[in-house]
Amino acid sequence: MNAQVSLILKLAVLAVLACVPLTGESFYVEVVSKMLVMAIFAMSLDLLVGFTGLVSLGHAAYFGIAAYAAALLSPKYDAASLWFLFPASVGLAALAALVIGLFVLRTKGIYFIMVTLAFAQMAYFVFHDTPVGGGSDGIYLNVKPSAAIGGWEPFDLGNEHHQYYFILAILVLVYLFLARVLKSPFGRALVGIKSNEHRMQSMGYLTFRYKLGAFTLAGALGGVAGFLYAVMFGFVTPELLSWHESGNVLLMVILGGMGNLVGAAVGAFAFEGMRGVFEGWTEHWQLLMGSVIVAVVLFLPGGLSSLPGRLRRALQGGDDK
Amino acid sequence: MSQTNKSEVLMVAKDLTRRFGGLVANRDVSVTIERGKIHVLLGPNGAGKSTCINMLSGDLPPSEGTIHFMGRDITGLTAAQRSRVGIGRSYQRTNIFPQFTVLENVRLAAQSRNQQPWRIFSKAMEQEWALEKARACIEEAGLGKRVDWLSGVLSHGEQRQLEIAMVLATDAQVLLLDEPLAGMGSEESAKMVELLKRLRATRGILLVEHDMDAVFAVADVITVMVNGEMLECGPPEQIKNSVAVQQAYLGTEESFHV
Chain A
32 MNAQVSLILK LAVLAVLACV PLTGESFYVE VVSKMLVMAI FAMSLDLLVG FTGLVSLGHA
92 AYFGIAAYAA ALLSPKYDAA SLWFLFPASV GLAALAALVI GLFVLRTKGI YFIMVTLAFA
152 QMAYFVFHDT PVGGGSDGIY LNVKPSAAIG GWEPFDLGNE HHQYYFILAI LVLVYLFLAR
212 VLKSPFGRAL VGIKSNEHRM QSMGYLTFRY KLGAFTLAGA LGGVAGFLYA VMFGFVTPEL
272 LSWHESGNVL LMVILGGMGN LVGAAVGAFA FEGMRGVFEG WTEHWQLLMG SVIVAVVLFL
332 PGGLSSLPGR LRRALQGGDD K
Chain B
405 MSQTNKSEVL MVAKDLTRRF GGLVANRDVS VTIERGKIHV LLGPNGAGKS TCINMLSGDL
465 PPSEGTIHFM GRDITGLTAA QRSRVGIGRS YQRTNIFPQF TVLENVRLAA QSRNQQPWRI
525 FSKAMEQEWA LEKARACIEE AGLGKRVDWL SGVLSHGEQR QLEIAMVLAT DAQVLLLDEP
585 LAGMGSEESA KMVELLKRLR ATRGILLVEH DMDAVFAVAD VITVMVNGEM LECGPPEQIK
645 NSVAVQQAYL GTEESFHV
């Protein structure tokens, strides 16, 4: 019953999103495209923060590494094949997460937060201070990758609408993938680790391996978002890996509600939406943004995605408590 | 006392010593756990019972001494590895997954026996073997009526039963139970004592317990610890009549009502 309502709601939102290009407004298509990319990014972090209990403050590293990989692996004046570039970029992000995970997952709590941040800063300075990625100026991805298979081209990422639907399709796939993973024995163990890692160990779970699996998976999916971002904007800078970005995506997850995939996506939309609106009002937009986030944390502990449940309970006459 | 004729040594800890800096929490403690028997660790607060059970479960490495399980040296194994060879433990402070249902708590325990973490596309709720085992263990621990309850809202006694169901679901041969009766009412206690007697038939049990009535109702062997050392080890009658035990422990406690 409730599951049906939720499914209908999700399909309705999807239908609305699918209609965005029909407005014909290039501006909206671009804004919503970016929101979709950030929603993928936020969901990937939610796997760590919301489901495994690992608060990473360095998640932008994997986003940025995949974005740089997309730019660096593309020929300068020619289109790379999407079917090579996409997996290669995501694979590099996953590899980075695997290696970094081997180190950072030996720590817990506040130390984990600081060490993930430290590794992300290291990655940031690799791109910022060395010539590999054009230094602080960043690097261009001049030609968007081609989706051609043999002579057949199913879609063209140079076409704004094609690109939009491609990103939307990836978002849906990432969501379905994560929802499925969370139902698996692996996913259930992750939630167990979040709830009580010590108990999981005493029941014979080698929790380090599970956490490393989750960290790598989250890095890979963060890389999916980073790749799409690079393709969309055709330009990559070290700022993509900066701690601001890691903080922003964490705020998206908190804003939407941790431990809820749809919540993470909602948080990304809300965050990007607010940024757009507030930036239009004032140059001190960050002040407004911060206020809203503080308000949500204080008055909506479950994030925006807890709103429908709260409303329903309030309407039913507050018999909870 | 025990109903079974299978008397098989499952676990042998020899001369366990644990130091915390200059403090010796356990000195030369030896414990044997046999199938079909309940071995009770008794002692006043600070006697080192928790340190001892922590060394047996792998939560704490011993400074000296060895632990063997079914003939294999397991001294160097972690808690997770010991769980995998067949040593299960419950904790003094209730240690469950309060946001999960009773079934999910025990299902996770059952899942631990065949983890397959790489199968990320199979559904946990379609692993019938784990569900069946979880339901059986919940039944065995006497929680059959609470299967779908959120474990966080169970009564204290029921949460202790749940802990035992979780240990059972890991196929543990040796149960290390740290004060399973703590904080229970008399009715709940009596049920737990019955449960322990039932479980003894096919497993070896080490029990840390304060409740004297319960201790003498279930114990086959009692080890009395004082100041981190073993004072005496033997059947309940021997402990009851031991002058040393009465002087060192029972005489100083406020109540010894047997």
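Chains as they are written, first to last, in the working numbering: chain A, 32 to 352; chain B, 405 to 662.
Heads up, the beta-carbon is just placed ideally off N, CA and C, and yes, glycines get one too.
If residue i and residue j are in contact, beta carbons under 8 Å, what's the gap, nearest whole angstrom?
i, j, result
"G235/A", "A528/B", "Contact doesn't hold; Cβ gap of about 16 Å is too wide."
"I180/A", "W114/A", "7 Å"
"R564/B", "P584/B", "5 Å"
"E191/A", "V62/A", "In fact, because the Cβ distance is near 12 Å, the residues do not count as touching under 8 Å."
"V444/B", "L611/B", "5 Å"
Could one say the Cβ of residue i lies closer than 9 Å to chain B's Cβ atoms, at least one of them?
i, result
"S336/A", "no"
"Y93/A", "no"
"N227/A", "yes"
"A128/A", "no"
"G340/A", "no"
"V36/A", "no"
"Y142/A", "no"
"L237/A", "yes"
"S75/A", "no"
"K139/A", "no"
"Q232/A", "yes"
"V327/A", "no"
"G244/A", "yes"
"Y59/A", "no"
"G223/A", "yes"
"R344/A", "no"
"R306/A", "no"
"Y99/A", "no"
What's the gap between the Cα of residue i and the Cα of residue j?
i, j, result
"G587/B", "H560/B", "7 Å"
"N645/B", "V619/B", "15 Å"
"G89/A", "V80/A", "12 Å"
"V205/A", "S215/A", "15 Å"
"L188/A", "L172/A", "13 Å"
"L507/B", "T479/B", "33 Å"
"V86/A", "L76/A", "9 Å"
"K242/A", "L136/A", "7 Å"
"Q407/B", "V510/B", "Confidence at Q407/B is low in this model, with a pLDDT of 44, below 50, so its placement is unreliable and the value that follows should be read with caution. Near 28 Å, if we compare the C-alpha coordinates of V510/B and Q407/B."
"C541/B", "L535/B", "10 Å"
"E658/B", "M616/B", "Only weak support is given to the placement of E658/B: the predicted model assigns it a pLDDT of 48, under 50, and the question is left unresolved by the model."
"A70/A", "L338/A", "19 Å"
"A100/A", "G265/A", "12 Å"
"L292/A", "A119/A", "25 Å"
"N409/B", "L481/B", "Confidence at N409/B is low in this model, with a pLDDT of 47, below 50, so its placement is unreliable and no value can be given for it."
"T606/B", "M474/B", "15 Å"
"M305/A", "A127/A", "32 Å"
"E184/A", "V174/A", "16 Å"
"A545/B", "L599/B", "7 Å"
"R439/B", "A151/A", "53 Å"
"V649/B", "P465/B", "28 Å"
Could you tell me the boundaries of the beta strand (DSSP E) in which residue i lies?
i, result
"I491/B", "491-494"
"G298/A", "Where G298/A is concerned, there is no enclosing beta strand (DSSP E), although the alpha helix (DSSP H) it sits in stretches over 292-312."
"D617/B", "Per DSSP, D617/B belongs to no beta strand (DSSP E); it is in the alpha helix (DSSP H), 616-622."
"M415/B", "413-424"
"G132/A", "Element bounds for G132/A: not the beta strand (DSSP E) but the alpha helix (DSSP H), 113-135."
"T436/B", "427-438"
"I442/B", "442-446"
Within 9 Å (strictly less), CB to CB, does residue i reach chain A?
i, result
"P521/B", "yes"
"Q531/B", "yes"
"K527/B", "yes"
"I524/B", "yes"
"T482/B", "yes"
"R422/B", "no"
"A618/B", "no"
"S454/B", "no"
"R517/B", "yes"
"A513/B", "yes"
"R476/B", "no"
Terminal residues of the continuous alpha helix (DSSP H) containing residue i?
i, result
"M283/A", "274-287"
"G95/A", "91-104"
"A326/A", "316-330"
"M596/B", "590-604"
Taking Cβ positions only, does residue i come closer than 9 Å to chain C?
i, result
"D463/B", "Absent here is chain C; the protein component of the structure consists of chains A and B."
Taking Cβ-Cβ distances below 9 Å as the criterion, which residues of the region 571-596 of chain B are in contact with chain A? V571, A573, T574
Taking only beta carbons into account, state which residues of the region 497-508 of chain B come closer than 9 Å to chain A, listed in chain order. N499, I500, F501, P502, Q503, F504, E508
Residues, ordered as in the chain, of the region 144-167 of chain A that lie near chain B by beta-carbon distance below 7 Å: none
The region 535-568 of chain B: positions lying closer than 7 Å to chain A by Cβ: none
Name the residues in the region 206-221 of chain A whose C-beta lies less than 8 Å from a C-beta of chain B; which are they? R211, V212, K214, S215, P216, F217, G218, R219, A220
Taking Cβ-Cβ distances below 9 Å as the criterion, which residues of the region 246-264 of chain A are in contact with chain B? L248
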